[in-house]
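Novice: Mind having a look at this structure? Questions to follow.
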Amino acid sequence: MRFVFTRLFYVLLVLGFVPLSLSWGRPALRWATLGFDVALVLAALIDARLSRWPVGISVEREFGGRFAVGAETEVRLRVLNHTPRAVTLVIKDEYP
């Protein structure tokens, strides 16, 4: 699964640049802003690294026929765990 930055990340990044416009006469504020932005990007990269899909677990969605508006269609979710560890999942299925 591909990592996607959230809206909150971009809001915090923009808010991190606001003090930069006020730091013309204050070099310490400039360094604090740079530190905040570097920490934010570092936290996002760590989050991306920790939130990868585990190897050995697969989830498949199967359905017969085509989806039609207002018609019931049977949908099966197949979760396979090929790891020695027990895994707890919360599965939420919505319309495609």
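Residue numbers for the sequence shown follow the numbering used here, beginning at 56 and rising by one.
Glycine included, C-beta positions come from ideal geometry on N, C-alpha and C.
Computed from a predicted model, the values in this text were never measured in an experiment.
Can you give me the C-alpha to C-alpha distance between A75 and F58, rounded to a whole angstrom?
Specialist: It is Leu, not Ala, that sits at residue 75 in the sequence shown. Using only the alpha carbons, I get a separation of about 28 angstroms.
Novice: How is the beta strand (DSSP E) around R133 delimited, first residue to last?
Specialist: Element bounds for R133: V130 to N136.
Novice: Short check: CB of L77 to CB of L84, under 9 angstroms?
Specialist: Taking 9 angstroms as the Cβ cut-off, L77 and L84 qualify as a contacting pair.
Novice: Short check: CB of L63 to CB of D92, under 9 angstroms?
Specialist: In this structure, D92 does not lie closer than 9 angstroms to L63 by Cβ.
Novice: Leaving aside the five residues before and after E117 along the sequence, list all residues of the same chain whose C-beta is less than 6 angstroms from its C-beta, in chain order.
Specialist: Contacts found: R131.
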